[in-house]
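Using our numbering, you'd call the opening residue of the sequence shown number 29 and step up by one each time. Note that beta-carbon positions come from the ideal geometry of N, C-alpha and C, so glycine has one too.
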Amino acid sequence: MRVVVTRPENSARRTAERLQNLGHQPVLLPLTKAVHHPEVAEAALAGPHSALAVTSAEAVRVLSLPGDHLPLFLGQTLYAVGETTAKAAEDAGFRDIRRGPGTGAELAKIIASDASSFDAPLLYLAGRPRSPKFEDGLHATGVPFVTAEIYEMAPIAYDEVFIRATLLDPPVDAVLLYSRENARLFCDFAAPHLKELASVQFLCLSANVAEIIPREFHRNIKIASHPDEDGVFALL
């Protein structure tokens with residue numbers, strides 16, 4: 029299968045290698061690139077907080093940028109949304125990592141069960157754009173928290189000729205979609221060609237991601253049984 033990989037370049041290379049090992053042909057189409065704001069992270073970490081929360085490995089990459097502030101916080105409790113993010117935190121040197129099952133809503137429930145021991149707000153180290161479900165879950169359960177936007181995912185511009193050649197020469201068979209924003213961007217780029225991509229499979233990390241897919245392609249959607257890359261690859 030020709031499979032479109034929409035992840036940012038640093039993650040896309042690993043995904044492409046996995047696809048090749050399975051006999052598929054990866055088609056690299058990174059839709060966003062990370063813009064880091066380490067100064068925002070440093071200022072937020074200097075404020076009062078009881079624990080840290082991250083819902084993306086990209087946030088951990090910001091924390092891992094050269095500087096002398098991170099070692100001061102490696103012993104703090106860090107709540108990670110899923111296994112990939114937890115592994116990135118572990119590689120960065122964090123020692124007290126509490127893993128969620130892969131969604132922001134579920135991570136919020138785990139934190140809520142611990143919140144009675146907090147003596148200061150939770151510090152959520154976030155990106156932009158992002159799903160509101162984690163913060164909504166914290167609000168719903170009364171967990172005190174502050175959010176620091178320490179990176180943003182900036183869209184990458186492609187011209188129409190490049191998009192057409194990438195998606196239709198020859199036509200791709202599937203696209204891997206790991207976030208709502210990437211689903212939105214892909215559908216925007218693909219919109220002029222959707223009639224020629226009538227059979228493309230939309231392999232989505234979660235139902236939250238799948239909500240973005242145009243209604244006429246709902247029959248082509250597959251949703252991972254668990255919200256991680258292994259779950260998405262199981263759909264191939």
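Beta-bridge analysis with DSSP links C232 to L205, I251. A residue is called buried once 16 or more other Cβ atoms fall within 10 Å of its Cβ, and P160, having fewer, is exposed. DSSP places H167 inside the alpha helix (DSSP H), whose first and last residues are 161-169. Where L106 is concerned, the enclosing beta strand (DSSP E) starts and stops at 105-108. Around the beta carbon of T34, 16 or more other beta carbons lie within 10 angstroms, which makes this residue buried. The three-state reading of DSSP puts F261 in helix, counting H, G and I together.
For the pair of segments examined, the segment 180-188 was found not to touch the segment 226-233: the number of CB pairs separated by less than 8 Å stays below three. Counting the other Cβ atoms within 10 Å of the Cβ of G170 gives fewer than 16, which makes it exposed.
Apart from the 5 residues on each side of it in sequence, R30 sits with its Cβ closer than 6 Å to the Cβ of Q53, V55, V200, D201 in its chain, given in chain order. Annotated as proximal: R126 and Y107, with beta-carbon spacing under 8 Å. In this structure, the CA atom of P255 is about 10 Å from the CA atom of V237.
The DSSP assignment places 79-82 as complete runs of the beta strand (DSSP E) inside the segment 73-104, in order along the chain (cut-off: 3 residues). Under a 10 Å Cβ-count criterion, V90 is classified as buried, with 16 or more other Cβ atoms of the shown protein chains found around its own Cβ. For the options Y186, P36, G51, the alpha carbon positioned closest to that of A62 is the one of P36.
Membership of A40 in the alpha helix (DSSP H) is indicated by the continuous run 37-49.
Counting along the chain, no beta strand (DSSP E) covers R243, and no H or E run does either.
Straight-line measurement puts the Cα of A176 at about 17 Å from the Cα of L135.
A distance below 8 Å between beta-carbons, with the five flanking residues on each side excluded, links R247 to no residue of its chain. If you compare the alpha carbons of D197, V260, H221 with that of F245, the shortest gap goes to H221. In this structure, P157 sits away from V174, with a CB-CB distance that is not shorter than 8 Å. At the C-beta level, E224 and L205 stay beyond 8 Å of one another.
Cβ-Cβ distances below 6 Å link I240 to R208, A211, R212 in the same chain, with the five nearest sequence neighbours on each side left out; the list follows chain order.
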